[in-house]
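Protein chains in written order, with the working numbering: chain R, 1 to 117; chain P, 1 to 156; chain A, 1 to 515; chain Y, 1 to 91.
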């Protein structure tokens with residue numbers, strides 16, 4: 001059945017790697033926040049893919065189709081939690097970026113270093 | 001900085017705003033029956049606030065979105081959630097005391113696929129409402145604080 | 001009383017959470033009401049911590065398991081725990097006591113520290129959130145729940161670091177630390193995901209019983225170690241720590257150190273309880289030892305060249321994390337052969353945690369008083385503060401000497417255990433540790449001389465409010481008490497914690513899984 | 001020098017993550033699902049909820065949700081504190 005093997009996991013990890021790249025090598029604070037956000041998305045995607053069962057339907061009984069294969073509910077709950085945590089993190093990071101901009105008038109990491117001396 | 005968008009955007013916002021609110025409240029209310037729940041519904045409602053802020057700018061702050069009220073609402077939502085978790089302390093923290101008790105919200109549901117009963121699942125709908133209130137007020141609070149904070153930039 | 005004792009683990013998290021949620025609302029009634037409220041809740045929390053520890057020690061070695069939303073750990077006929085559990089063993093109880101100690105000192109100090117400044121309700125709220133997060137972190141028996149509390153502490157900590165919004169370095173430090181904390185949190189989450197995908201459970205005891213050291217398990221271990229070591233502030237990812245401790249307000253800096261120690265607790269929990277013997281303990285133990293030595297060396301040498309008093313203490317705090325990591329690394333390296341000095345090393349490392357938090361906390365609080373009184377952080381601009389701040393001078397001296405490991409004080413008691421045991425594994429380790437301590441003593445002698453002795457350089461020094469002195473005196477009493485009667489405290493609270501690591505894995509698993 | 005170290009660390013972590021993903025079990029075939037099967041089978045009995053995910057979020061793993069609400073609360077308080085009005089004399 002599993003023609004795709006572990007490809008979905010690899011794809012979500014690629015997203016994580018992309019985010020890491022942005023976080024480590026970009027000089028703009030907003031781009032770094034985007035990097036963090038990308039890593040979060042990658043990890044969330046990874047969690048959701050963990051819960052899939054081939055040909056499964058959502059584990060909700062209201063007007064559910066008559067099948068017994070349902071995907072696992074726990075990863076969905078975990079992902080929900082981690083999405084909200086990601087939202088909180090991103091919001092706080094962005095507000096720090098606004099504060100930094102207020103102090104230095106720039107979002108470039110290397111320029112901030114120069115200004116600080 | 002121009003705080004208001006064009007008349008088209010404002011009119012459309014006025015039309016769509018109540019619909020988004022209704023949808024958000026629906027998602028919160030049916031959290032234990034259909035996909036969704038307190039967080040998702042709260043986020044939908046908050047997106048209506050976001051639309052409002054985008055369309056009307058800081059004008060929206062006057063009267064409609066009072067940051068102090070929002071903050072208090074968020075705290076009340078958080079306290080309500082904590083209180084609901086405390087209800088079950090007779091057995092254990094987070095024990096669902098109402099589920100299957102036969103009272104107003106304790107109705108049992110038939111096993112397997114069914115149309116759903118709104119007053120079921122014990123404390124779950126209350127928790128959905130508490131979290132929904134918390135999330136909508138919280139996100140709105142973040143949006144307002146950031147708007148005011150970044151507007152200060154433009155002035156300075 | 002028994003009902004209260006039964007629910008103590010969760011109440012210990014719920015009480016600070018309640019304080020955090022309600023503080024801004026209560027604050028609307030006035031500043032004094034809010035102060036009384038925070039002090040009352042912290043008092044209750046402290047009593048609960050004592051009650052929990054007393055209950056655990058009374059029932060012997062078996063951990064306390066608290067199932068959230070249910071009664072029994074395992075539903076009949078199932079081999080996987082389905083609900084979140086709190087599991088308190090000797091080490092958790094020790095960390096709970098340590099956190100309560102820090103919390104009491106911080107809240108007492110805050111009464112006058114934050115008076116008349118903006119955002120007092122936010123500050124109290126964030127402090128309680130951080131405390132609640134640490135309480136959750138050290139008690140939880142569920143790996144995903146651990147991640148959630150890790151994030152609670154991250155966000156509260158970063159908001160506290162950036163709290164002085166008018167300082168440009170605060171915002172910068174907060175951004176940097178937040179990015180790093182998030183990264184470490186996501187590493188932990190990724191590891192949780194990997195373990196869940198492999199074993200289909202999230203409970204630490206369940207995972208510990210099913211981890212066999214397969215490739216995925218090892219990857220998860222590496223991610224967990226990286227994430228937690230990052231958050232504890234070990235070299236090579238230590239650069240955030242001095243900025244964080246240096247920029248945070250004094251009482252928050254102390255709680256931040258407790259937070260770092262909670263991450264260290266997580267590291268120990270993962271190594272000893274979750275993995276234990278299923279991995280090559282010697283190799284990982286030596287990795288920890290090398291990291292620890294690097295942390296000591298970097299912390300001490302960087303402390304030597306600092307001019308800013310808070311950053312200097314911060315580097316001291318980094319070096320102390322190295323000592324704990326060193327001791328426990330030694331313990332883990334010899335876990336397979338189990339010589340007696342392994343247990344001694346772990347005992348020393350854990351004892352050093354509480355000693356470190358008392359001394360570092362005392363120093364940070366003292367530095368807060370100094371900065372508040374003199375209006376500068378620059379050591380070269382200070383001088384002769386002993387004329388005006390008599391009590392602070394004595395208390396700061398106690399903290400500084402204890403941290404450097406001068407004999408009658410508590411730092412010596414734990415460092416002696418560390419030296420003894422590391423010497424038996426390899427004399428080089430002990431020598432580096434001793435040299436580090438000597439340099440630290442030199443650093444703090446210089447600070448003491450620069451800030452307190454000499455002619456009076458500053459005029460119009462602000463007097464110290466009495467609650468701030470009480471908070472410092474409380475910590476100083478801990479420092480002296482632990483220094484004078486180390487045997488008593490090791491016997492009562494440190495030995496159960498060390499045993500929980502050294503041979504507690506099977507008990508930890510059995511408490512949930514049965515048999 | 002710094003950049004080279006950073007690149008090396010990045011490449012190491014990337015290779016590591018890809019290795020982990022490739023080692024995973026095949027997609028769509030959970031290795032152990034006893035816990036989740038319990039949820040699917042018993043959510044309607046234990047919690048009387050049709051939506052199993054909500055049952056997990058608010059009942060079986062309700063404590064996580066409390067933590068998550070706490071995180072959001074902390075972020076809101078933090079952001080409000082960041083943009084608060086400060087007094088001139090405390091600077």
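Just so it is clear, CB atoms sit at the ideal spot from N, CA and C, and this is done for glycine as well.
If you're wondering where the values come from, they're calculated on a predicted model, not measured in any experiment.
Shown in chain order are the members of the segment 117 to 128 of chain A whose Cβ falls below 8 Å from a Cβ of chain Y: 117, 118, 119, 122, 123, 125, 126. For the 9 Å CB-CB criterion, residue 328 of chain A and residue 293 of chain A do not form a contact. DSSP lists A/65 as the beta-bridge partner residues of residue 87 of chain A. For the 9 Å CB-CB criterion, residue 436 of chain A and residue 318 of chain A do not form a contact. Checking the DSSP bridge columns, you'll see residue 62 of chain R partnered with P/114.
In this structure, residue 410 of chain A lies near residue 483 of chain A, with their beta-carbon atoms less than 9 Å apart. Residue-level contact check: residue 163 of chain A does not touch chain R, since none of the beta carbons of chain R fall below 9 Å from its beta carbon.
Below the 9 Å Cβ cutoff, chain P contributes no neighbours of residue 37 of chain R, its closest Cβ being approximately 15 Å away.
Nearest CB-CB separation between residue 263 of chain A and chain R: not below the 9 Å threshold. Closest option to residue 190 of chain A, judged by alpha-carbon separation, among R/113, R/107, R/65, R/78: R/78. Residue environment: residue 64 of chain A is assigned as buried (16 or more neighbouring CB atoms within 10 Å of its CB, all protein chains considered). By the beta-carbon neighbour count (other beta carbons within 10 angstroms, threshold 16), residue 177 of chain A is buried.
What residue 145 of chain A touches in chain Y, judged by beta-carbon distance under 9 Å, is 61, 63, 64, 67, going in chain order. Separation of residue 430 of chain A and residue 423 of chain A (C-alpha to C-alpha, rounded to the nearest whole angstrom) is 5 Å. For residue 132 of chain P, no Cβ of chain A is located within less than 9 Å of the residue's own Cβ. DSSP places residue 311 of chain A in the helix class (H, G or I) of the three-state scheme. Counting C-beta atoms within 10 angstroms of its own C-beta, residue 382 of chain A has 16 or more neighbours from the protein chains shown and is therefore classed as buried. Judged by DSSP in its simplified three-state form, residue 337 of chain A adopts coil rather than helix or strand. Residue 161 of chain A counts as buried, since at least 16 other C-beta atoms from the protein chains shown sit within 10 angstroms of its C-beta.
Only buried fits residue 323 of chain A, as 16 or more other CB atoms lie within 10 angstroms of its CB. Among the residues of chain R, none has a CB under 9 Å from the CB of residue 57 of chain P; the nearest is roughly 17 Å distant.
The straight-line gap separating the alpha-carbon atoms of residue 67 of chain R and residue 29 of chain Y is approximately 17 Å. The Cβ atoms of residue 406 of chain A and residue 309 of chain A do not sit closer than 9 Å to each other. Within chain R, the C-beta atoms nearer than 7 Å to that of residue 189 of chain A come from 43, 82, in chain order. When secondary structure is reduced to three states using DSSP, residue 57 of chain R falls in the strand class. By a beta-carbon distance limit of 8 Å, residue 107 of chain R does not contact residue 23 of chain R. Their separation comes to about 15 Å. Put simply, of P/42, P/151, P/34, P/134 the residue whose alpha carbon is nearest the alpha carbon of residue 102 of chain R is P/151.
Counting every other CB atom within 10 Å of its CB across the protein chains shown gives residue 380 of chain A a total below 16, marking it as exposed. The residue among A/333, A/99, A/298 with its C-alpha nearest the C-alpha of residue 279 of chain A is A/333. Taking 7 Å as the upper bound on Cβ-Cβ separation, chain R lies near residues 33, 34, 35, 39 of the segment 32 to 44 of chain P. Per the coordinates, the alpha-carbon of residue 27 of chain Y lies some 55 Å from the alpha-carbon of residue 412 of chain A.
Among the residues of the segment 63 to 84 of chain A, those with a Cβ less than 9 Å away from any Cβ of chain P are 66, 67, 68, 69, 70, 71, 83, 84, in the order of the chain. Here residue 356 of chain A is not bridged, per DSSP, to any residue. Inter-segment contact for the segment 13 to 20 of chain A and the segment 123 to 141 of chain A is present: three or more beta-carbon pairs are separated by less than 8 Å. The Cβ atoms of residue 25 of chain Y and residue 6 of chain R lie closer than 9 Å to each other. Scanning chain Y for C-beta atoms nearer than 9 Å to the C-beta of residue 201 of chain A yields 32, 34, 35, reported in chain order.
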